[in-house]
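What follows is a short report on a single structure.
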Amino acid sequence: MSPSAKMNLTPNERTAQAGEYVLGLIEGADRTAFEQQLESDPELAASVESWRRHFAGIDATATPLAPSPTLWSRIEAELATLAQNAAPARAATTTILRKTAPYAGSRLSAWWNSLFVWRGAAFAGALAAIPLAIGLDGALDRARRQPVMVAVLLTEASVAAAVVNTFADGRVEMVPLQAIHVPEGKALEIWTLWDRAVGPRSVGLIERARTTKLRLDQLPLGKDQLFEITLEPATGSPTGRPTGPIVAKGTTAQAL
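What follows is the structure in structure tokens.
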């Protein structure tokens with residue numbers, strides 16, 4: 001985006017752009033240009049900091065995960081396989097050393113066949129393998145939990161009220177970023193719209209702002225798909241379409 005185009009952005013668009021920056025959705029030359037603008041634009045920098053405080057709430061909901069119960073058995077199996085594969089090579093090397101260096105054979109052979117030496121080497125290898133295996137296991141788990149698309153739902157005042165995360169396995173969840181007042185007898189209904197000809201479809205009904213799984217099993221899901229929250233009767237919209245005021249809305253974007 002050119003500097004002149006950035007200057008023509010509305011306040012709402014600038015706020016949304018700051019949110020995209022914090023989520024990592026701006027990259028390449030656009031990211032470089034945005035960060036240069038941050039250095040001379042206190043208002044934009046304040047918007048970025050506000051987004052960071054909002055998204056800090058999402059980080060706080062992440063539950064620490066213990067290593068997989070099968071991790072240790074996998075490590076032991078790998079060590080056993082390595083030991084079996086190393087035995088023939090160790091025997092062949094010992095034979096070569098005896099033939100080519102008889103003058104040092106007895107001493108080197110004693111060292112080479114020392115059970116203490118090999119136990120120490122195996123133990124050191126095991127210690128090195130443990131953090132690597134744990135790291136790989138954690139990396140795979142983080143990849144499974146990393147959303148592939150996100151939608152930041154903004155209020156009319158351009159304040160982030162919630163985030164919708166979509167995952168590679170088809171899961172879709174809404175995570176509130178702030179408390180939303182729900183009057184007695186009312187509820188928050190979550191909608192999605194991918195085709196104006198079809199119209200919005202309800203994907204969730206909650207009595208208060210909380211993390212909730214959305215029901216999109218049989219519905220399309222793609223980039224630039226609208227999600228919004230409206231205030232409806234406690235039993236949901238009587239028409240099957242949004243009838244109450246819009247609490248927040250936003251469209252999906254590809255997560256990097």
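Numbering-wise, the sequence shown is residues 1 to 256 according to full-length UniProt numbering.
Ideal Cβ placement from N, Cα and C applies to all residues, glycine included.
Counting along the chain, S158 sits inside no alpha helix (DSSP H), nor does DSSP assign it H or E at all. R74 sits in a helix when the DSSP states are folded into three classes. The alpha carbon of A253 has as its nearest neighbour, out of V164, T212 and E173, the alpha carbon of V164. In the three-state reduction of the DSSP assignment, V48 falls in the helix class, which pools H, G and I.
Bridge pairing for W194: absent [DSSP]. As a beta-bridge residue in DSSP terms, E173 pairs with N165 and K213. The alpha-carbon of E156 is positioned some 18 Å away from that of L193. G204 is classed as buried because its beta carbon has at least 16 other beta carbons within 10 Å across all chains shown. Per DSSP, L23 lies in no beta strand (DSSP E); the unbroken alpha helix (DSSP H) holding it starts and ends at P11 to L23. Straight through space, the alpha carbons of L221 and T243 are spaced by roughly 23 Å.
With respect to the 8 Å criterion, A162 and A248 are classified as neighbours on the basis of their beta carbons.
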